[in-house]
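**Student:**
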Amino acid sequence: MSNKISLESFEEIYNRTYKNVLKYIVIHCKNMEDVNDIIQDTYTEFYKKLKKSNKFKIEDEQSFIIGISKNIMKKYYRLKYRDENNIIDIENIEIEANIDLELQFITKENVDKVWKNLQNKDTKIIKIFYLHYVLDMKLTDIAIKLKLTESSVKNCIYRTIKELRGNIKKESDENV
150 MSNKISLESF
160 EEIYNRTYKN
170 VLKYIVIHCK
180 NMEDVNDIIQ
190 DTYTEFYKKL
200 KKSNKFKIED
210 EQSFIIGISK
220 NIMKKYYRLK
230 YRDENNIIDI
240 ENIEIEANID
250 LELQFITKEN
260 VDKVWKNLQN
270 KDTKIIKIFY
280 LHYVLDMKLT
290 DIAIKLKLTE
300 SSVKNCIYRT
310 IKELRGNIKK
320 ESDENV
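For the sequence shown, counting from 1, position 152 maps to 301 in our numbering; every step adds exactly one.
(1) Report back the beta-carbon spacing between Ile-221 and Glu-194 to the nearest angstrom; my notes put them in contact at under 8 Å.
(2) Where do the ends of the alpha helix (DSSP H) carrying His-177 lie?
(3) Looking only at C-alpha atoms, which of Thr-289, Tyr-225 and Thr-298 sits nearest to Ile-187?
(4) Spatial neighbours of Tyr-167 within its chain, please: CB distance less than 7 Å, with the 5 preceding and 5 following residues excluded, ordered by chain position.
(5) When you compare only the Cα positions, how much space is there between Lys-287 and His-281?
(6) Anyone know if the C-beta pair for Leu-284 and Lys-201 falls short of 9 Å?
(7) So for Thr-289, helix, strand or coil by DSSP?
(8) Out of Lys-179, Phe-159, Ile-162 and Lys-319, point me to the one whose CA is closest to Arg-227's CA.
(9) So for Thr-272, helix, strand or coil by DSSP?
(10) Measuring straight from C-alpha to C-alpha, what distance separates Lys-276 and Tyr-196?
(11) Give the DSSP-derived three-state secondary structure of Ile-207 in the structure shown.
(12) On the CB-based measure, 16 or more other CB atoms within 10 Å of its CB, does Thr-309 come out buried or exposed?
(13) Are the beta-carbon atoms belonging to Ile-306 and Lys-262 less than 9 Å from one another?
(14) Can you look up Leu-119 in the DSSP assignment and give me helix, strand or coil?
(15) With DSSP run on the structure shown, which of helix, strand or coil describes Lys-319?
(16) Exposed or buried, which one is Asp-209 when buried takes at least 16 other CB atoms within 10 Å?
(17) Can you grab the Cα-Cα spacing for the pair Trp-264 / Lys-270, in whole Å?
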């Protein structure tokens, strides 16, 4: 890209790179509740860099933006989590209500219940669910990115789905 930046050209770059940059951030983020802040800060910084220079040439936009996100994450965690333990709280992450967990036990009414149950899980499990069910990544790709075996990823998903199914059934039985 080599021209003056306009809002339209920024939006084009954003639309082309957003999903892969988001995947990178989810994979490398220490805490899932920070994902929205980091992605926002990344694209804000990218826009500032583009506006600062009248002409800006980028060979690989995605790599450039991921480089920005690396720096944002380093700075973000250095400032925010210096002495804190990393407790995951995903209550405020908005998840589409039409997530299909292949076993079709999720309805619009119990998505919140599922994510509330997930917040007590290990960060690895939350990342696997987010990458697979929200970002539509294949299990093989998740295993590679998180440096796990594919069978480990599958076990996490299926074991957690079974547990979530039991918890939701138990909750609905108690409410009857």
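Beta carbons: idealized from backbone N, C-alpha and C, even for Gly.
**Tutor:** Taking the coordinates as given:
(1) 6 Å
(2) For His-177, the enclosing alpha helix (DSSP H) covers residues 156-177.
(3) Tyr-225
(4) For Tyr-167, where only same-chain residues beyond five positions count, there are no Cβ hits under 7 Å.
(5) 6 Å
(6) no
(7) helix
(8) Lys-179
(9) helix
(10) 28 Å
(11) Ile-207 carries a coil assignment under DSSP once its states are collapsed to helix, strand and coil.
(12) With 16 or more other Cβ atoms inside 10 Å of its own Cβ, Thr-309 counts as buried.
(13) no
(14) Here the chain covers residues 150 to 325 and nothing more, so residue 119 does not appear.
(15) Reduced to three states, the DSSP call for Lys-319 is helix.
(16) exposed
(17) Straight-line Cα distance between these residues: approximately 10 Å.
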